[in-house]
Each structure stands twice: as structure tokens, then as C-alpha cells.
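Taking the working numbering, I'd label the letters of the first sequence as residues 745 to 1573. What follows is a short report on a single structure.
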Amino acid sequence: MSSEAENQYAPGEVEAKWQRLWEERGTNSFTADELRSAQSPYYNLMMFPYPSAEGLHVGNMYAFTGADVHGRFHRLTGRDVFEPIGFDAFGIHSENFALKQGVHPMDLIPSNIANFTRQLKAIGGMYDWDHTVDTTDPAYYKWTQWLFLQLFKAGLAERKEAPVNWCPSCMTVLANEQVIQGLCERCDSAVEQRHIAQWFFRITEYAQRLLDNLEHIDWSESTRKAQQNWIGRSEGATLRFPVIEGGNGDPGTVDPLTVTADGDVIEVFTTRPDTLFGATFMVLSPEHPLVASITTDAQQAAVAAYQAQAAKTDLVSRQKADKEKTGVFTGGYCRNPANGAPIPVWIADYVLMEYGTGAIMAVPGGDERDFEFATAMGIEIVRVVAGEGDGADTPLAEAYTGDGVLVNSGPFDGLGVADGKRAVTAWLGERGLGELKVNYRLRDWCISRQRYWGPPIPIVHCDACGAVAVPEDQLPVELPRVDDFKPDDTGVSPLARVASWYETTCPGCDGPARRETDVSDTFLDSSWYFLRYPSTDRNDAPMDDGITARWLPVDSYIGGNEHAVLHLMYSRFINMVLKDLGHIDFEEPFVKFRAHGLITRNGAKMSKSRGNVITPDAIIDQYGADTFRTYLMFMGPLEEGGDYRDEGIQGPFGFLHRLWDAVVTAKPDTAADEDVERKLHKTIKQATEQIPELGYNTAIAAMMECLNAVRAGGRQPAVAEVEPLVVMIAPFAPHLAEELWERLGHGKSIFAGANWPAYDEAKVRDEVVSVAVQVNGKLRGTISLAPGTDQAEAEALARAEENVARHLDNAEVRRVIYVPNRLLNFVVG
RNA sequence: GCCUGGGUGGCGAAACUGGUAGACGCGCCAGACUCAAAAUCUGGUUUGGGCAACCAAGUGUGGGUUCGAUUCCCACCCCAGGCACCA
């Protein structure tokens, strides 16, 4: 081989060589002892992928590369960076694919994982392959089941019959978070409501903490807001409206002070207790338990018909806001505790059983929906809030929802809305008819799935003892290999067809018992995987306490915002529970989270149906992983995503080639040129500041500029000029950097032997600055000055500029604005 | 409707704390090398006018503050994502 050929950049060879060396030398892996003793731990996490049959797509590559660059950068600055990867391999997705292909998931997943592993190595990720996680491995889900038991024992897991979201296509229940606008997030089928006993985690008990902590974690704003919205805190009051017994006919108004909460009451949640005097009717959800007793004989038929109608209507169409208001009068009345007036009780499907108390006080004068309903039904509308310029009797053409003062509200007239809320609630509170209340939109997390491909829920049902925890020393409850794992519409898992598996004895009384046949939600698997990674060497405990104390919480988490309210919320919840139970000592698992943007191609979303999907393997074959990585990071800010243009990859491709050529031809033992050195220090400063903030695109641009200066006019660079560039490009193009580092005569891996270059503030400063000269804010010339030149000198030089002089001619300079090193502006009259 | 982001050349995008808009890259144009092409290298490239010097316009729209606005304020339009008969 000629030396010329040796000096050619051959990405394929370089990458194969270094991937092999990293693996042989264990460059990126820690031993358990190293994890225990690391001096400067930095836990760099990315969202582990679901190992599909199609392999990694560009979106994965983009996210993983973005996170890997972050990890490699911190490694070069001297941190001990732990960067694990794993596989989220349980779940409907794999199961459906297995069903379609007629393969068993237990056979499918290992080959998918092998393929993913190959791809993850090919892209040059700095993964610790000694600490991977596969959620379908009994050695992992043993601890997922353990986790369930901890919640169960703490009373945070409960089985209850409740209306749940049923996807008729996936044939399983779904958590609220998995229903997107009434459709299944996986298959877009309209979700139905069913009543089945399910296991729930009581995440609602943590609603306020989940909300409060959002204030002091360093997360992408969009993600924090999404969680805030999802938790949906609203402040208001619970108010009670006594039902008037046997209320056929008009029962008449009574003194409000005689109204008490004895007997049946309709409890409502409202954010506007101040408008109570305007409550002219009540609306119950058709499923509300009091409907039966309130409905009068005469209204029985009509109410039953409406209930049947509502039950038939699926949730999607029922929740359309623009639907016309419908409803039926029950014939019954309750008393408005504010004024003692009897008000009619209706049922209507715009009131949802799942939110608040399933009943509302309707104030048509102050709520748009109630106004619409009252108008349609001919119910009285009273104004209780007067806005600016309104009187107590100003007619309402629509609901008035703004601020103002209370009117037609007895003793509370004249109070503002905020004061009114407190005063009215306190007044009712004296009689036990109301109190302030905070309500959340967040629902408990339904974790049961009537499917096969998941960890069995470790519970045994016994007629005598009820639901009994499987003793921890009997974990894992292994998922049996069954050939017929097709789900059905019965509302139970395929495991319920395997008597040999579910028949067991009760751990409590040794009597005959039956295993829980539902499996748990995939999001339970992923709610704690980051806790497991550093402790995978331990088989006797989910986590090694010493290692956990050293490495967690996670320092940096980069991932997709599609998990803003799913995985990220569940992980925070589980983490809090583990803290409360004394297993860990931190409340928030991810100190810093950044959501990356999405990749499009030529401006369009990538999808299989469009046929515009990029195959990472093909790009890596053609250009090499280093070029691919650098291009992905160069397209735009990581947090905003970017548009993949096939021709665009030429830029980074050429850049890496030119960098290679510059380094292999550089002169050793030569001092750096002064101007080049200044450029270099500027570049170091930029890269050092921008890379940790994920400003990869501008950091790369700065390096390109620097290389252009190094090679300007075809000059031969000095090693001193290019070596720092090799280190700075290393996070983006790690193989190339390793190879060049070695060729520069260094023994160790660049990631072990190199230090991130430091810049000298003095060398960042320019010797000559170019100052803009404006006349009335318009650019008329530029002058070159020494930094810090005073105004008099600058002005003299500026006036001497021909074009500037021309614009100043015959004009009176009224003011001169001088911004040193930047600009000089003559204001003329 | 509410909450996040975002809107800048032919394209992906830059722009510190209000201070020369368009860095860097793609593409395109011209040139060098070549029999030729590819690759590579050099130069040019916001738009309009002009041979040029230069002039004018220009960061979604309309106003405002300022010597000066992509940047700050007000109103609005459009795109992406989240939430929503949520009481």
C-alpha cells in the first residue's frame, strides 16, 4: 500500500477499526467497581428504543446522536460519563407485529435486539454495553413485578371496577394518557367505555407534588407545560345542594338559612362559587348515581331513554364541544342554598361522570355551556356578575364570564369575583354546605392490560384471602410461552386460557387460587429502567444503593416530547413513590430534560406510506457514521429538529474530508500563525459555550469557519492549529477524531487521553475591530480601529470616509452615538 | 378557545445584553485542473436599479417605543405540537 493511499480518508475502514477497538478495550464501559468509585459521575440518558422489526429510523438516530454528542463532550471535559442503552421490548407493538407475521414474540424480540445493537454500534454511540436492559428479560421484569408489589403493599395499587377506555381493535384497556382525542394512540380506533375491574396506581395522590416539582426542575418549557395541562389543577369549591324530597310540583322558596345538608345532597365542584345565586338549575351526568332516586314517575321513561342514548354514544362524539346541547328534566328539584329557591334537576351528556363530581350547578348567566343549555330548554337566566358599564339588570345576550362585581346576590352584592368566591364558600361552610376545594384533571393510572406480551401482574386471587401479593422470593412470575396469544374481546387476557399457568395455591392460606391473568402496562417497564441501568450487576436487588447514590438522579435526559405526559409523568411518579418508601433518596429522577425536535425530509413528515423514509444503514454505508452524525447535528438546533435534504450531507462530508487532509499534512513543531490562533481561540470559546446548550449546529459552523481559516489560500497548517479541532469534532465524528488523534502520535483513545481545549480570553479579542458608521441609522461605511479607540478618534476617522462625508455634507450633526468596537451613528437634522 | 414553540435568501439556517441582517452549509453561476466527466480547488450569489462607485427595499402583517428593532411593546395572520362541553 502506498503512503498516499494510507493518507486517504476512508470512513468505512476508520469506523470499523475504532468500533472494534472501543469494544476490545472497553473504552465506553464501566465495571461495577468503577461505577462504585467514579470521581466525577455524569449520567447521560436517552430514551431507550422499542426494538421494532424495521430497525432504527432516522428519528432514533437523531435523538441518540444528539444525546451521544452531549455525553462525549462531557467525557472530553473530564467527567466519568455513564451512557447506557436498552430495549423497551414488551408491549402491544411487538405483539401485534408478531401476530401479523406469525412469529412468537419470544423469538422475534431477540433478533430485533440483535439488529438494533448492530445499528447502535454502527452509528458510533458511546454505549456501555455491559449495562444494558431488556424489559422482557425475566431478570429485569422480576423487579418490575417487585415494583408493583411495593405499590400494592403501600396501598397505592388498587383493583377497582371503573369505567375504563377499551380499544376494540387492540382488545385491551388503555390508560387515559394513551387516549388521544378519543382515539387509541396506537391504532386510532375510537375508544369505548367499559366497566371492568382493573389495577390502578393512585397517581392522583401525587398530583400536587408532581405539579409543584415542575417549578424547580430544569426541563424544556414545552414538556413542563404539557405536564401542567395534563395534571390540570383548578381551584374552586365543593358545594352541596339538598334534594327536595318527593318534589312533585313547585315546593316553594324557603329561608336560605334553614337549608341544611341533611338527606340526599347533590355535590358539585365549581370554580365559580361566587355565581351561586345565578344557579337556576342543576345538571347531572346521565350515569350519576342519584339520577334514579331523583327522577319522578312521570319522567321515568324520558330519563331512561336519554340514559340509553348516552350510553350508546361513544366518547369521541359525546365530547365534541360543538355538538348541540341535549338533556332531559328528571322532574326532581333541589334547593339552591344561596337563596332557598327550588331549582330543577336535569341530566345531560355534556356533564361527564369522570370529572369533578359528575354533577354541576348550572349558571347560565356566567357559563357559556349553561347559557346554551338554558336557552335551548327555556330555563331562567340571571345575571350575577356585572362587568364594566353593566347594571344588575343589563340583559345578557350571552354568558358573561369576565371579571366584575356581584349583583343579584343578596348580601354579597358589590363584592369582586375573587372576594365573592371566598365569601360565598365561607358562608355556606358555616352550614356544612361547601368548602374550598382543589380539583385535578389527572386520573389514576390504569396499568392492567388484557394482552399477552407483558409482565404478569404478581397477584394471586383467593376466594378466602382476596387479592394476595406473590411473595417477593417467588418472583419473577414468569410469562409462560404460549402459542395462542391472540387477544379477544372477552375483557380478559389470553393468559386466562392457560389453566395450567393460572391455577395455583394461595400464598396466604394454601387454598386453591388463581393468578392474576392481566399483564402490566409497558409504561411501567419504562418508568424505572434508568434506575436499573447502573445496577444490572446486581441480581439480588433492583438497585445497588451505593451506585444509585453516586449516579442518580440522571444528569441529562434527552428524548422526544411525545412522552411528555406518558413516560415522563409515570417515571416521576414511580420515583416519588420509591422515595417515600425509602428505596431512594431523591424525588425527581431527571434533573435536566431536553426535548429534541423532529426530523422532516424535504419539508415533509417522514412516513412509510409517503415512501420518504431514510434508511440510516444506507447513509452510513455511503458516507460513514461520522458524516451522518455531523450532518444530523448540523441541520438545525437539536431542540427544534431539522429538515433532512439529501444534498445537504455533502457539506459535512466535505468538511470532514478537508479536516482529515489538513491534519494528515500538518507540519509538526511549528508555531501557530497569529491570526489563525485567534480564530482558533474564538472557535474554542464558541464550541465550549454552545455544545452543552445543544447548539450543535452553530458549534459545527464555527469549526468549519476555523478550518477555512486554517486552510486559507491553500497554506499548509501547523499541527498546533489543527489538533484542537480534532478534539472539538470528536463528539460529532468520534471515529475520525480517534484516528487523527492516533496519527498525531497519541497513544490512548482521544476520549481517555485528550482534554477539551481551553481558550485564552486575550486571544479571543481582535487586534482590529471593524466599526460600522451610520448616518441616521443607515450604514454608510465601516472603519477599522484598534479595540477601545475613543470617540474623538473614531469620529475623525469616520468623517474622513468618503461616503460618510458625502452623507454628512451640508447637514448639521445633532448627536453622535458611539458604541465602542461596534458602531458610530451620526444623527443629522 | 387556552397553553407551548416557530415564521428570516432558491433551500437548511446564523445574529451577543437593542448596534454592520443573512455567519456556516446546500444549491446555483463563472473560472482552474481534465480529451471529457466526476472529484477537487478559486471566486460570486437577499431583491430591484446601475458598467461601477453607490442607491433603494427587505426578517409573517399592521401599528408603537428608540439615534438605531429579527430582537422590546400592542393588535392580528399563518404553521407545528399539547389540552379542551374540565364545571
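Ideal Cβ placement from N, Cα and C applies to all residues, glycine included.
Compute the Euclidean distance between the alpha carbons of residue i and residue j, then round it to the nearest angstrom.
i        : j        : result
Phe-1274 : Gly-1102 : 39 Å
Leu-1484 : Val-1470 : 7 Å
Asp-1163 : Glu-979  : 14 Å
Ile-1271 : Ile-1318 : Here residue 1271 turns out to be Ser, not Ile, going by the sequence shown. Whole-angstrom Cα-Cα distance: 7 Å.
Glu-1306 : Ile-829  : 19 Å
Lys-1181 : Asp-1018 : 14 Å
Gly-1368 : Thr-967  : 34 Å
Leu-1226 : Asp-1269 : Looking at the sequence provided, one finds Val at residue 1226 rather than Leu. Distance between the alpha carbons of Val-1226 and Asp-1269: 21 Å.
Val-1149 : Lys-1165 : 11 Å
Ser-1052 : Ala-1046 : Checking the sequence, you will find Ala at residue 1052 rather than Ser. In a straight line, the C-alpha of Ala-1052 is about 10 Å away from that of Ala-1046.
Asn-909  : Arg-938  : 7 Å
Val-1072 : His-1032 : 14 Å
Cys-928  : Leu-918  : 8 Å
Val-1027 : Thr-997  : 20 Å
Phe-808  : Leu-789  : 9 Å
Cys-931  : Arg-1195 : 15 Å
Ile-1364 : Ser-1514 : 43 Å
Phe-1584 : Leu-1322 : The shown model of the chain, from 745 to 1573, leaves out residue 1584, and the question about it has no answer.
Ala-898  : Trp-963  : 30 Å
Val-1089 : Ser-1279 : 59 Å
Asp-1405 : Asp-1370 : 16 Å
Met-745  : Phe-817  : Low local confidence applies: a pLDDT of 39 at Met-745 is under 50, so the model's placement there is unreliable, and no value is given.
Pro-793  : Leu-1177 : 52 Å
Ala-906  : Ile-940  : 6 Å
Thr-1070 : Val-1236 : 35 Å
Glu-876  : Ala-883  : For clarity, residue 876 is Thr in the given sequence; the question names Glu instead. Using only the alpha carbons, I get a separation of about 12 Å.
Ser-838  : Trp-1197 : 8 Å
Ala-970  : Met-1313 : 10 Å
Phe-1229 : Ala-1106 : 49 Å
Secondary structure at residue i, three-state DSSP: helix, strand or coil?
i        : result
Lys-904  : strand
Ile-1328 : coil
Ile-1302 : strand
Met-791  : coil
Leu-1001 : helix
Leu-1096 : coil
Lys-1336 : strand
Tyr-950  : helix
Gln-783  : coil
Val-1572 : strand
Tell me where the alpha helix (DSSP H) around residue i begins and ends.
i        : result
Ile-836  : 836-845
Ile-1494 : 1494-1497
Ser-972  : One detail in the question is off: residue 972 reads as Gln in this sequence, not Ser. That run of the alpha helix (DSSP H) goes 965-975.
Asp-851  : 849-866
Phe-1476 : Premise fails: Phe-1476 is in no alpha helix (DSSP H) and is neither H nor E.
Val-1047 : 1044-1056
Tell me where the beta strand (DSSP E) around residue i begins and ends.
i        : result
His-1205 : 1203-1206
Lys-1522 : 1522-1529
Lys-1352 : That residue, Lys-1352, is in no beta strand (DSSP E); it is neither H nor E in DSSP.
Asn-751  : Neither: Asn-751 is in no beta strand (DSSP E) and is coded neither H nor E.
Pro-1086 : 1086-1091
Thr-1292 : Premise fails: Thr-1292 lies in the alpha helix (DSSP H), 1289-1295, not in any beta strand (DSSP E).
Cys-1078 : 1072-1079
Ile-1561 : 1557-1563
Gln-1518 : 1513-1519
Met-1591 : Given a span of 745 to 1573 for the chain in the structure shown, any question on residue 1591 remains unanswerable.
Ile-1343 : 1343-1345
Asp-824  : 824-826
Below 8 Å on the Cβ atoms is my contact criterion, and I expect residue i with residue j to pass it. Report the Cβ-Cβ distance as a whole number of Å.
i        : j        : result
Asp-1111 : Thr-1145 : 7 Å
Cys-1078 : Val-987  : 5 Å
Thr-1414 : Gly-835  : Not confirmed; about 59 Å, so no contact.
Asp-1387 : Asn-1346 : 7 Å
Glu-989  : Gly-976  : Actually they are not in contact, since the Cβ atoms of Glu-989 and Gly-976 sit about 36 Å apart, beyond 8 Å.
Ile-1328 : Trp-943  : In fact, because the Cβ distance is near 23 Å, the residues do not count as touching under 8 Å.
Gly-1252 : Val-1309 : Gly-1252 to Val-1309, Cβ: 38 Å. No contact.
Phe-774  : Phe-826  : 6 Å
Count the C-beta pairs between the segment 1246-1264 and the segment 1283-1297 that are closer than 8 Å, then say yes if the count reaches three, no if not.
No, the segment 1246-1264 does not touch the segment 1283-1297.
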